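So that you can map any letter, position 209 of the sequence shown is 737 in our numbering, and since no number is skipped, the others follow by simple counting.
Remarks on the structure that follows.
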Amino acid sequence: MFRVIRDETSANLDRWVLWSPVWFGLGAAGYLEAPVEPPLTLLVLLAGSGVALWWLSRASPRILIVLAALLAFMMAGGLAAKIRSDRVAAPVIDGERAPRRLEGFVVDVVSPGAGGPRLLIAPVAIGGLAPEATPKRVRVTIDAIDRVEPGDAVRFRAILGPPPPPAAPGSYDFARDAWFNAVGAVGFSLGDISLTELEPPPWRLRVTMAVNAFRWRLAERLVAHMGPESGG
529 MFRVIRDETS
539 ANLDRWVLWS
549 PVWFGLGAAG
559 YLEAPVEPPL
569 TLLVLLAGSG
579 VALWWLSRAS
589 PRILIVLAAL
599 LAFMMAGGLA
609 AKIRSDRVAA
619 PVIDGERAPR
629 RLEGFVVDVV
639 SPGAGGPRLL
649 IAPVAIGGLA
659 PEATPKRVRV
669 TIDAIDRVEP
679 GDAVRFRAIL
689 GPPPPPAAPG
699 SYDFARDAWF
709 NAVGAVGFSL
719 GDISLTELEP
729 PPWRLRVTMA
739 VNAFRWRLAE
749 RLVAHMGPES
759 GG
């Protein structure tokens, strides 16, 4: 077995760059699976140590140079994941699910679930939450009879709670995906959704909503023309 590994490694030394994304991804995966949140300083030191190890190994046998370079890529992957996680950090609602009044803009109408269409909301205000504790994005399931589209300013009551953790060890981690998409609360609407007037949103959000509204209307026309099975 050792001979096979040695021969395969030697045969791929000239193609080691092709493996650099794999090792970079391993570093990012290691960060995501860490049992505790590692400090940024530690990851910077590890990445710097990886680069220093590669630099010092330049006079070593080629296989050691390649291994040092791949280790540097792995450390860089962990650091990149940490930086990305810190950049997208946004408030997440605390505690159990509870009814709250929600005001905000419909950013997108995402794929419907078992309970009905799902709205991605950019909240302006959530009852009981201070502005600094208000999530940047909220995903809410609504009744199919409620007709809203991206760009609408809405007001309604909803049961909101934090994104749920994995249902079982190793299963899909919705809370992690929600974190990287700045979704800090999920839930479902209570009663009807009312259109309202709110202060104009930032221009970046207006552009995003305009693009999503175009896509949504195009999808609606395709479904109306071709039917749900062919155009949905």
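In this text, a Cβ means the ideal position worked out from N, Cα and C, and glycines have one as well.
The structure displayed is predicted, hence computed values, not measured ones.
Length of the line joining the Cα atoms of residue i and residue j
| i | j | result |
| --- | --- | --- |
| L560 | P549 | 16 Å |
| I593 | L541 | 10 Å |
| P694 | D701 | 5 Å |
| A752 | A596 | 58 Å |
| L723 | I687 | 19 Å |
| R704 | L574 | 24 Å |
| V735 | L648 | 15 Å |
| G623 | K610 | 26 Å |
| A747 | E727 | 28 Å |
| G759 | R749 | Note that G759 has pLDDT 49, beneath the 50 cutoff, so the model's placement of it is unreliable and no number is given. |
| W544 | L718 | 56 Å |
| M529 | F742 | For M529, the predicted model reports a pLDDT of 48, less than 50, meaning its position is unreliable and no value from the coordinates is stated. |
| E660 | A618 | 10 Å |
| F552 | L546 | 11 Å |
| V579 | W707 | 30 Å |
| A738 | I591 | 53 Å |
| P729 | A587 | 57 Å |
| G656 | S699 | 33 Å |
| E725 | M754 | 35 Å |
| L570 | P589 | 29 Å |
| W583 | A658 | 50 Å |
Residue j beta carbon less than 9 Å from that of residue i
| i | j | result |
| --- | --- | --- |
| S577 | M602 | no |
| D636 | N740 | yes |
| P692 | T669 | no |
| R625 | G715 | yes |
| G605 | V682 | no |
| R745 | E677 | yes |
| A650 | R665 | yes |
| P627 | R685 | yes |
Member of the options whose CA lies at the smallest distance from the CA of residue i
| i | options | result |
| --- | --- | --- |
| A608 | G689, E660, A650 and L568 | L568 |
| P663 | R685, P690 and D671 | P690 |
| L599 | A650, P728, S585 and I611 | S585 |
| P697 | V572, W547, R675 and P563 | P563 |
| A557 | A587, D671, W582 and R612 | R612 |
| V500 | P729, W551 and G555 | The chain is shown only over 529 to 760; residue 500 falls outside these bounds and no answer can be derived. |
Rounded distance between the beta-carbons of residue j and residue i, thought under 8 Å
| i | j | result |
| --- | --- | --- |
| V634 | D680 | 5 Å |
| V620 | G712 | 4 Å |
| D674 | D720 | 7 Å |
What are the complete beta strand (DSSP E) segments, minimum 3 residues, inside the region 626 to 650? 626 to 641
Could you tell me which whole beta strand (DSSP E) segments of length 3 or greater appear in the region 650 to 674? Runs of the beta strand (DSSP E) spanning 3 or more residues and lying entirely within the region 650 to 674 occur at 665 to 669, in chain order.
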